[in-house]
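Numbering (UniProt numbering), first residue to last: 1 to 319. Here the structure is laid out as C-alpha cells; the discussion comes afterwards.
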C-alpha cells in the first residue's frame, strides 16, 4: 500500500513495531527515510512522555509518534512551524497510509496534531483529551483533526488500483459545486474551497475566465482547488500559498484525494498541478503547457501522485 507521496512503512519497522506495542515503552518516534521513500523506526522511549522531546531534533523537523496511553495508543503527527514546508507536506500526505499500515483505528484511538515541543508533554496530552471530551461547538483545530481522522478510517475501505491507494467514497461536494462542474465550459475555471464545517464540504467560491485565474488568486492566502477546461481538456490544480496555516494544509490534505476521485467520475483529468505561486504557474500559457505531454504517460487509473515542487526553482509536477 502506498500513500499519495508513495511512502509506506519499511519492512524493518513492520517487524519491530509489534515488539514496541507489546513492550512498556511510552513512545516510538518514526522518521521518513527520503532516500528509500519509506518510514523507519528512529527511536523507542522508555521513560516519560516529556522524554520524547529529546528525540525531536529540537523541534526543527516533522516526525510521526506512536504514543502509549493507559489502555490504547495515540497516533501523533508532529509538524513544527519551523520545519521546511516540503517536509511538512510529505509527512501530512503520507500519514493516513502510515496510520493504516501500523494498525489504524483498531490500534490507535485518537490522532493528535502537535506543532511545538511544549505540547509534547503530559499537559499537552491532557489538553488534547479535554478538547476531545468537550461539548460542541468544536474549535477549528478540532474540526480539522476530526476530518483527518475520518478520512483515515474511510481510507481503510479503499481498494488498490495500479499499486495506488484509492478511496471508495465520494467527496462531500455541495450541490452548487457539483452543478458548476457539470456546466464547466471551455476557457473557464472554477475555484473551490473546503469549508471547516465538520463535514469538509467542498464549495464553489468563484468562477472566472481562464485568463484571469492567476490575477484572481494573486493575493489569496488560503489553499484552494482549481478545475479548468482548456479546449475540452481538464486540469486539476491545488494552490497552497506559503502563508497558509498548518491547519488549512491538513484540511486540504485530507480531502484532496477524494475530491480528485469525484472529479474523475465526471470527466477525464488530463493534468494535475500543485503550486505555491498561482500568479506565476496558473497563467493561461502555463496551463496550456501542462497539457503538452505524451498521451502514453497520461494517468489512466487510480489516484495521481501529486508532489509539491521545490520552492527554488519552482517546477510544476505532472501525472
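Every residue, glycine too, gets a C-beta built ideally from N, C-alpha and C.
In the three-state reduction of the DSSP assignment, residue 42 falls in the strand class. In chain order, 174, 177, 193, 195 place their CB closer than 6 Å to the CB of residue 203, counting only its own chain and leaving out the 5 sequence neighbours on each side.
Cβ contact annotation for residue 241 (same chain, cutoff 6 Å, sequence separation greater than five): 221, in chain order. Per DSSP, the continuous beta strand (DSSP E) segment holding residue 68 begins and ends at 63 to 68. For residue 204, no alpha helix (DSSP H) run applies; the uninterrupted beta strand (DSSP E) run containing it begins and ends at 202 to 209, by DSSP. By the Cβ rule, the segment 269 to 281 does not count as touching the segment 247 to 254, because fewer than three pairs are nearer than 8 Å. Residue pairing by DSSP places residue 229 opposite 234 in a beta bridge.
Apart from sequence neighbours up to five positions away, the residues of its chain that approach residue 91 with a beta-carbon distance below 8 Å are 32, 62, 63, 64, 77, 79, ordered along the chain. In terms of Cα proximity to residue 259, the closest of 113, 227, 206 is 227. Around the beta-carbon of residue 123, fewer than 16 other beta-carbon atoms lie within 10 Å, marking it exposed. The shortest CA-to-CA distance from residue 230 to any of 105, 243, 208, 188 is the one to 188. Residue 86 counts as exposed, since fewer than 16 other beta carbons sit within 10 angstroms of its beta carbon. Per DSSP, residue 119 lies in no beta strand (DSSP E) and is assigned neither H nor E. Rounded to whole angstroms, the Cβ separation of residue 50 and residue 94 is 27 Å, and the two are not in contact under 8 Å.
Judged by DSSP secondary structure, residue 247 falls within the alpha helix (DSSP H) whose first and last residues are 246 to 253. A direct Cα-Cα distance of roughly 6 Å separates residue 186 from residue 232. Taken through DSSP and simplified to helix, strand or coil, residue 49 comes out as helix. Taken through DSSP and simplified to helix, strand or coil, residue 276 comes out as coil.
If you draw a straight line from the Cα of residue 131 to the Cα of residue 264, it is about 37 Å long. Shortest Cα-Cα distance from residue 262 to any of 182, 290, 247 involves 182.
Nearest to residue 39 by alpha-carbon distance, out of 16, 52, 58, is 16. For the 8 Å CB-CB criterion, residue 29 and residue 52 form a contact.
Between residue 284 and residue 217, the gap from beta carbon to beta carbon reaches 8 Å or more. Of the candidates 250, 235, 223, 237, the residue whose Cα lies closest to the Cα of residue 243 is 223. In summary, residue 172 is buried, with 16 or more beta-carbon neighbours lying within 10 Å of its beta-carbon over all protein chains present.
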